[in-house]
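Note that the numbering used here has the sequence shown beginning at 104, numbered continuously upward. Where a beta carbon is used, it is the ideal one built from N, C-alpha and C, also for glycine. One structure below.
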Amino acid sequence: MQNEIEENTTVAPWTDERFLRSRIVLGSEGLERLWGAHVVVVGYGAVGSAAAEALVRSGLGHIRIIDADVYDVTNTNRQLGCECSTIGKPKVEVGLAHFKALSPQIDAEAIVSFVGAATMDLVLRPFADGSAPTLVVDAIDTLDAKVALLQAAYEAGLAVYSSMGAARKTHPEAIRFGDISKTEVCPLAREVRKRLKKIGISKGISCVYSIETVDSSTHRAGVFNPEAVVKRPQLGSLMTVTASFGLRLAAEVIDKLTCKAVE
Numbered sequence: 104m105q106n107e108i109e110e111n112t113t114v115a116p117w118t119d120e121r122f123l124r125s126r127i128v129l130g131s132e133g134l135e136r137l138w139g140a141h142v143v144v145v146g147y148g149a150v151g152s153a154a155a156e157a158l159v160r161s162g163l164g165h166i167r168i169i170d171a172d173v174y175d176v177t178n179t180n181r182q183l184g185c186e187c188s189t190i191g192k193p194k195v196e197v198g199l200a201h202f203k204a205l206s207p208q209i210d211a212e213a214i215v216s217f218v219g220a221a222t223m224d225l226v227l228r229p230f231a232d233g234s235a236p237t238l239v240v241d242a243i244d245t246l247d248a249k250v251a252l253l254q255a256a257y258e259a260g261l262a263v264y265s266s267m268g269a270a271r272k273t274h275p276e277a278i279r280f281g282d283i284s285k286t287e288v289c290p291l292a293r294e295v296r297k298r299l300k301k302i303g304i305s306k307g308i309s310c311v312y313s314i315e316t317v318d319s320s321t322h323r324a325g326v327f328n329p330e331a332v333v334k335r336p337q338l339g340s341l342m343t344v345t346a347s348f349g350l351r352l353a354a355e356v357i358d359k360l361t362c363k364a365v366e
């Protein structure tokens with residue numbers, strides 16, 4: 104009789120011991136809100152993988168990760184999931200298996216696709232349980248795709264948290280968070296602001312950016328990752344900064360979803 108009772112008892116996933124340390128900080132109600140949220144992370148590179156990892160480990164219950172690229176050997180120095188055995192594999196498929204191992208009850212989805220104006224339905228479509236996305240994390244490093252995503256999320260009324268330029272930087276202490284209208288120094292943020300302003304969006308998008316100026320020599324012009332879907336110059340990057348961008352994004356997202364102030 105006791106075994107039958109135990110088998111019929113449903114335990115809420117966010118009460119699992121694996122999330123005990125999160126629950127101590129966020130409270131039971133906060134952690135329940137985090138588990139119930141539906142977050143889309145677009146771009147699963149150095150910044151996006153760190154943001155997604157932190158969200159899943161903290162207790163997020165529903166996540167969709169979208170990226171078209173496969174791991175390249177040069178990703179090893181900064182991208183979570185990149186190791187000898189995963190070179191050439193789709194980044195998000197590796198990430199999906201990892202998240203399932205971390206949190207077996209999570210609703211996780213991986214989509215191998217480039218995100219642009221023509222594929223925005225992949226970002227905005229409902230999750231498996233029928234729920235619409237709660238929030239979008241933008242970790243795209245291609246300008247046209249980034250602007251298209253920000254516009255779509257903004258017009259859909261979704262909160263969107265966007266990473267500006269993390270490459271070619273060495274000082275995580277220079278990282279800042281604020282509205283797109285308040286960003287400064289970062290060349291990518293400046294260009295994103297200009298493009299958004301042309302379509303009538305001047306504020307309302309939260310950003311992680313850096314006020315560090317960079318050395319123009321920290322890239323290899325004309326050298327591209329041969330397996331990459333989008334060909335772009337190889338920019339010097341350090342995990343100390345890219346992961347810090349991703350972790351700051353995750354911290355702000357957790358604050359938003361749980362109503363818990365980030366200290």
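With a CB to CB cut of under 7 Å and the five nearest residues on each side skipped, what residues in its chain are close to residue i?
{"i": "residue 275", "result": "343, 344 and 347"}
{"i": "residue 159", "result": "166, 202, 205, 206 and 209"}
{"i": "residue 139", "result": "164"}
{"i": "residue 198", "result": "147, 152, 155, 168, 184 and 213"}
{"i": "residue 261", "result": "236, 238 and 239"}
{"i": "residue 257", "result": "263, 304, 307 and 308"}
{"i": "residue 278", "result": "311, 313, 347, 348 and 351"}
{"i": "residue 178", "result": "185"}
{"i": "residue 322", "result": "Only weak support exists for where residue 322 lies, its pLDDT of 43 falling under 50; the value from the coordinates is given anyway. Contacts found: 271, 336, 337, 338 and 339."}
Is residue i helix, strand or coil when you go by DSSP?
{"i": "residue 280", "result": "strand"}
{"i": "residue 341", "result": "coil"}
{"i": "residue 131", "result": "helix"}
{"i": "residue 185", "result": "coil"}
{"i": "residue 210", "result": "strand"}
{"i": "residue 317", "result": "coil"}
{"i": "residue 257", "result": "helix"}
{"i": "residue 166", "result": "strand"}
{"i": "residue 274", "result": "coil"}
{"i": "residue 309", "result": "strand"}
{"i": "residue 328", "result": "Because the pLDDT at residue 328 is just 48, under 50, the model does not fix this residue reliably, and the point stays unresolved."}
{"i": "residue 265", "result": "strand"}
{"i": "residue 173", "result": "strand"}
{"i": "residue 224", "result": "helix"}
{"i": "residue 193", "result": "strand"}
{"i": "residue 144", "result": "strand"}
{"i": "residue 241", "result": "strand"}
{"i": "residue 250", "result": "helix"}
{"i": "residue 357", "result": "helix"}
{"i": "residue 349", "result": "helix"}
{"i": "residue 219", "result": "coil"}
{"i": "residue 150", "result": "helix"}
{"i": "residue 159", "result": "helix"}
Around the C-beta of residue i, are 16 or more other C-beta atoms found within 10 angstroms, so that it is buried, or is it exposed?
{"i": "residue 332", "result": "Any answer about residue 332 is weak, because its pLDDT of 49 lies below 50 and its placement is not dependable; what the coordinates show is given next. Exposed, by the Cβ-count rule."}
{"i": "residue 181", "result": "buried"}
{"i": "residue 291", "result": "buried"}
{"i": "residue 357", "result": "buried"}
{"i": "residue 300", "result": "exposed"}
{"i": "residue 149", "result": "buried"}
{"i": "residue 123", "result": "exposed"}
{"i": "residue 378", "result": "Only positions 104 to 366 of the chain appear in the structure, and residue 378 is not among them; the question remains open."}
{"i": "residue 297", "result": "exposed"}
{"i": "residue 115", "result": "exposed"}
{"i": "residue 118", "result": "exposed"}
{"i": "residue 176", "result": "exposed"}
Using a Cβ-Cβ cut-off of 8 Å (strictly less than) and excluding sequence neighbours within five positions of residue i, which residues of its own chain qualify?
{"i": "residue 294", "result": "246"}
{"i": "residue 136", "result": "360, 361 and 362"}
{"i": "residue 108", "result": "In this predicted model, residue 108 has a pLDDT of only 38, less than 50, meaning its place in the structure is not dependable; the value taken from the coordinates is given anyway. Same-chain partners within the cutoff: there are none."}
{"i": "residue 273", "result": "315, 341, 343 and 344"}
{"i": "residue 234", "result": "141 and 165"}
Can you round the beta-carbon distance between residue i and residue j to whole angstroms, since I take them to be within the 8 Å contact cut?
{"i": "residue 232", "j": "residue 210", "result": "7 Å"}
{"i": "residue 242", "j": "residue 340", "result": "Actually they do not touch by this definition, with Cβ atoms about 13 Å apart."}
{"i": "residue 171", "j": "residue 143", "result": "Wrong, their Cβ atoms sit about 15 Å apart, outside the cutoff."}
{"i": "residue 248", "j": "residue 218", "result": "5 Å"}
Just to confirm my understanding: we take residue i, look at its own chain, exclude 5 residues before and 5 after, and list those with CB closer than 6 Å. What are they?
{"i": "residue 196", "result": "213"}
{"i": "residue 230", "result": "141 and 165"}
{"i": "residue 191", "result": "173"}
{"i": "residue 255", "result": "223"}
{"i": "residue 220", "result": "251"}
{"i": "residue 126", "result": "134"}
Is there at least one non-hydrogen atom of the ligand ADP closer than 8 Å to the beta-carbon of residue i?
{"i": "residue 155", "result": "This structure simply doesn't include the ligand ADP, nor any ligand for that matter."}
| said: Could you check whether the region 121-138 touches the region 218-238, counting it as contact only if at least three pairs of C-beta atoms, one from each stretch, sit closer than 8 Å? | reply: no
| task | Inspect the CB distances between the region 277-286 and the region 295-313 and report whether three or more fall short of 8 Å. | result | yes
| Between the region 350-363 and the region 257-266, are three or more C-beta pairs nearer than 8 Å? | yes
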